[in-house]
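In my numbering, the protein residues as written are 1 to 130.
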C-alpha cells in the first residue's frame with residue numbers, strides 16, 4: 001500500500017500529534033510499503049513558513065530532513081498530475097489540496113488527510129483522525 005500524506009498529516013506524524021489517529025499512525029509506521037510527501041506540501045510549508053504563520057512551525061529545509069529521516073519519499077509534481085487536476089470539479093478551493101487530490105488519483109495513492117472536503121472527489125482516502 002502506498003500513502004500520500006496531506007501536509008497537516010505529515011506535520012502530525014513527525015510531531016507525534018495526538019490528533020493523528022491510531023489506524024493512520026499504524027498505516028504510516030507499519031503497513032505502508034511507501035509513504036510519500038508531495039513537493040506540493042513542501043511548497044505549502046515554504047510559503048507559510050516564509051509568511052511567519054504560527055501554524056507552520058518548521059522550514060522547508062527542516063521538513064525535508066524530517067521526511068528523509070522518516071524514510072518518506074518525495075513525490076514530484078508531474079504532467080499526469082496536472083492533467084488530472086484540470087479534470088477535477090471545483091469541490092475544493094485550496095490549490096495545494098487540489099494538487100494533492102490530483103496526485104492521489106493519478107498515482108493510485110491512498111491520501112491520508114483530516115480534510116473532509118476530499119470525500120467529494122472519490123479518491124482513495126484515509127481519515128487522518130482515525
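C-beta: ideal position from N, C-alpha, C; glycine also. Since the model is a prediction, treat every value here as computed from it, not as a measurement.
Since residue 86 is in the alpha helix (DSSP H), which residue starts that stretch and which ends it?
Looking at the DSSP string, the run of the alpha helix (DSSP H) that includes residue 86 is 79-87.
Might you give, ordered along the chain, the residues of its own chain that have their beta carbon closer than 8 Å to the beta carbon of residue 99, omitting 5 neighbours on each side?
Same-chain partners within the cutoff: 38, 40, 77, 81 and 85.
I'd like the list of long-range same chain contacts for residue 112, defined as Cβ closer than 6 Å, with 5 residues on each side in sequence excluded.
Same-chain partners within the cutoff: 3, 5, 9, 24, 126 and 128.
Could you tell me the alpha carbon to alpha carbon distance between residue 65 and residue 58, rounded to whole angstroms?
Going by the C-alpha atoms only, they are around 11 Å apart.
Backbone secondary structure at residue 73 - three-state DSSP:
Residue 73: strand per DSSP, three-state reduction.
Would you grab the beta carbon distance between residue 117 and residue 91 for me? Rounded to a whole angstrom, and I think it's under 8 Å.
Taking C-beta atoms under 8 Å as the contact rule, residue 117 and residue 91 qualify, at a distance of about 6 Å.
DSSP has residue 125 in a bridge; who is on the other side?
Beta-bridge pairing links residue 125 to 111.
Span separating the alpha-carbon of residue 110 from that of residue 56:
So the alpha carbons of these two residues sit roughly 24 Å apart.
According to the neighbour-count rule (16 or more other Cβ atoms, all chains shown, within 10 Å of its Cβ), is residue 29 buried or exposed?
By the 10 Å Cβ count, residue 29 comes out exposed.
Within 10 angstroms of the Cβ of residue 134, are there 16 or more other Cβ atoms? Answer buried if so, exposed if not.
With the chain covering only 1 through 130, there is no way to say anything about residue 134.
Beta-ladder partner(s) of residue 40, from DSSP
According to DSSP, which records beta bridges pairwise, residue 40 is partnered with nothing at all.
Which word fits residue 67, buried or exposed, when buried means at least 16 other C-beta atoms lie within 10 angstroms of its C-beta?
When all chains shown are included, residue 67 counts as buried.
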